[in-house]
DNA sequence: AAAAAAT
């Protein structure tokens, strides 16, 4: 609202709740002095200066926010590194107190006022009651699930609180987007800040939204506000319609893209035929041929690698692949004797690898390290949990070290290597592996990903770093701002390269790859590397060597696959039964809303669970994943944000509450368990009508899984949950 | 549908 605080704030506070108003003002004043060591803030607090205050506030606010965010970011980083187990206790305690503070804040009064006003405007208010409980959950920074569960239950008793909470929760969102908690603390201080927040957060709008229902949430997520205006008008009925209307187009698009790719690949391949023919014939064959073909299986025309590979793959691809690999790099006999040192890595790096739990190289590492050190472009496929991060990370560091030998670490030097990942969590995880390796030889890394304040990242860039590990959006953003220069990047790694070549990622990847130094070495890794990377390979790679590990088929897998055919109405209960167990369980849901709902459901049943999806702010995402990692929670319900790359040591059960649509997704999700040779089980729930689709998908994934009709209470559920006899006896 | 920038 344009009506800034002063008029509204002063009057509103009095009108609504004199108490709150008074308290708030006091608190603000006190805090500001403390916080605002900056000085100018003092003048602000006396909001009396009508006009100045707003201006100053505006100026000051950003600074405070950033500061707060920076702090948050640091805290996050620390907590991650130190495994700060504090959170739990702190969580609940910290969070709540914080909340308590908020209520006291002026904001609430203001918010409430807004809400009321807006509520009156819109009939949507009717929907609220039912929706509200949910929303808070969402925003529920802490554990949406719990908060959700709690609220509904508390519902009436708590409502007085709720009123407060909603305010909080609402506050949180805007905060989230900014940086979160620190801000919260700050808020009281920032009276001026609130407004912007309000306008952004628009609780009122949100109130409306709830009425809209879940479907909106995901959409709302970030860029909604402008859209929101539109949305209400559209209403639900319209959306689906649109969606359908659009689909035809979508269908066309894919078609186009496919059409184009093949075209490219066709055109290019002949040239490459020679190249690929050498090393390619072998594995790319498989990988490239298999799935792509299926998609557009018609084109026998698909040249070279494809043609060869197809033939070989279809006829006896297993043998072919094995031969190739063995011949190239991964001979079984050799691998046993290979050491990191013999592959060309220096002593410091070898020592750190040992500390990281990698005393000797895994096959994929034995295969790729030497060629990477030789400067070759490399495509590598190693199944989930086979050690790909070290396979590119260690030689990456070694290469940089060699190239910088004798040189001085200059302040503000430009980055020399870039590692790109599809999710922030994966970028973080990769850095956790590479950073210690790099530090051991005086090379610096920094993370560049979204959802957190830029300041710290930019600060690191100013000082000068050697390796950047991040996600495409923020990297492009900083490049556009002139804060990141990729022109001296000599090595680029694309982790989950096939995924990075998919529709939403391909173009950003192409733009980024065009920014790096000419002739920069390119490394593409993925457990499901296939022809999908052709667009990138054709444009950016030169005579790439292709590696995969021999014998990596399902027969050698340590994952046990099961498919439960269920009645839809039993789904919730069956899921609860499956997650009610001792080990760590990862549950995949198709949508953010469903992931959130399931986490809440489990939590309500006394099974501690948290959610991980894109509707959460980055702090919560990081925290919730950490909770599973350190065992404070044994159930994580996630969207496909957690499907690829994420490594949590002891996950022994993966449950797909919704079956994936693509075989690749199935492989990546299931790959969250059974890592590094450990055993694990993957359970997929499907309704009867999905049996055929599921069968086809499993065929593409080359996975054998028994289908079992299951009902609530069946023994198989106890077996899968690992309860077995104990429960029976009981 | 989800993810990836921010506001």
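Residue numbers (this note's numbering): 0 to 729.
All residues carry an ideal CB built from backbone N, CA and C; glycine is no exception.
Would you give the residue range spanned by the alpha helix (DSSP H) that residue 601 belongs to?
591-603
Run of the beta strand (DSSP E) containing residue 547, from where it starts to where it stops:
Annotation for residue 547: the continuous beta strand (DSSP E) segment containing it runs 544-547.
Tell me where the beta strand (DSSP E) around residue 521 begins and ends.
In this chain, the beta strand (DSSP E) harbouring residue 521 covers 520-525.
Can you tell me whether residue 651 is helix, strand or coil according to DSSP?
Note: residue 651 maps to strand in three-state DSSP.
Is residue 502 buried or exposed, if buried means 16 or more other CB atoms sit within 10 Å of its CB?
exposed
Please classify residue 703 as buried or exposed, where buried requires at least 16 neighbouring CB atoms within 10 angstroms.
exposed
Starting from residue 690, trace the alpha helix (DSSP H) both ways and give me its first and last residue.
690-700
Residue 690 vs residue 564 beta-carbon contact at 8 Å:
yes
Reducing DSSP to helix, strand and coil, say where residue 623 ends up.
helix
Since residue 494 sits in a beta bridge, which residues does DSSP pair it with?
524
Residues sharing a beta bridge with residue 686, DSSP:
565.
Can you grab the Cα-Cα spacing for the pair residue 361 / residue 672, in whole Å?
Each residue's alpha carbon lies about 18 Å from the other.
State buried or exposed for residue 709, treating a residue as buried only when at least 16 other CB atoms are found within 10 Å of its CB.
buried
Would you mind giving the Cβ-Cβ distance between residue 444 and residue 457, rounded to the nearest angstrom? I have them listed as a contact below 8 Å.
In fact, because the Cβ distance is near 15 Å, the residues do not count as touching under 8 Å.
For residue 645, name the three-state secondary structure that DSSP assigns.
coil
With H, G and I counted as helix, E and B as strand and the rest as coil, what does DSSP make of residue 391?
In the structure shown, residue 391 sits in a helix (DSSP, three-state: H, G or I).
To the nearest angstrom, report how far apart residue 619 and residue 468 are at their CA atoms.
21 Å
Report the option in 374, 685, 692 whose CA atom is closest to the CA atom of residue 707.
685
State the DSSP-derived secondary structure class of residue 713, mapped to helix, strand or coil.
coil
Classify residue 29 as helix, strand or coil using the three-state DSSP reduction.
Residue confidence for residue 29 is low, a pLDDT of 32 falling below 50, so the modelled location carries little weight; the figure read from the coordinates is stated next. Here DSSP, grouped into helix, strand and coil, assigns residue 29 to helix.
Given a cut-off of 8 Å, decide if residue 471 and residue 511 are closer than it, judged by their beta-carbon atoms.
yes
In this structure, how does DSSP classify residue 114 when only helix, strand and coil are distinguished?
At residue 114, the pLDDT of 31 sits below 50, so the modelled position is not reliable; the number obtained from the coordinates is stated separately. Helix.
Just the C-alpha distance for residue 670 and residue 484, rounded to the nearest angstrom, thanks.
35 Å
When you compare each of 640, 338, 624, 641 to residue 633 by their alpha carbons, which one comes out closest?
624
Would you tell me roughly how many angstroms separate the C-alpha atoms of residue 714 and residue 419, rounded to the nearest one?
45 Å
Measure the C-alpha to C-alpha separation of residue 410 and residue 427 and round it to an integer number of angstroms.
24 Å
For the structure I just gave you, are there three or more beta carbon pairs, one from the segment 336-349 and one from the segment 513-525, closer than 8 Å?
no
DSSP three-state assignment for residue 580, whether helix, strand or coil
coil
Selection from 604, 621, 638, 646 that minimises the alpha carbon distance to residue 595
638
What are the boundary residues of the beta strand (DSSP E) that residue 472 is part of?
That residue, residue 472, is in no beta strand (DSSP E); its alpha helix (DSSP H) goes 471-479.
Whole angstroms is fine: what's the gap from residue 573's alpha carbon to residue 579's?
10 Å
Less than 8 Å separating the beta-carbons of residue 548 and residue 385?
yes
Starting from residue 637, trace the beta strand (DSSP E) both ways and give me its first and last residue.
Counted as a single uninterrupted DSSP element, the beta strand (DSSP E) harbouring residue 637 occupies residues 634-637.
As assigned by DSSP and simplified to three states, the class of residue 396
helix
Straight-line Cα distance separating residue 561 from residue 683
6 Å
Neighbourhood of residue 605 by C-beta distance below 7 Å, restricted to the same chain and skipping five residues each side:
none
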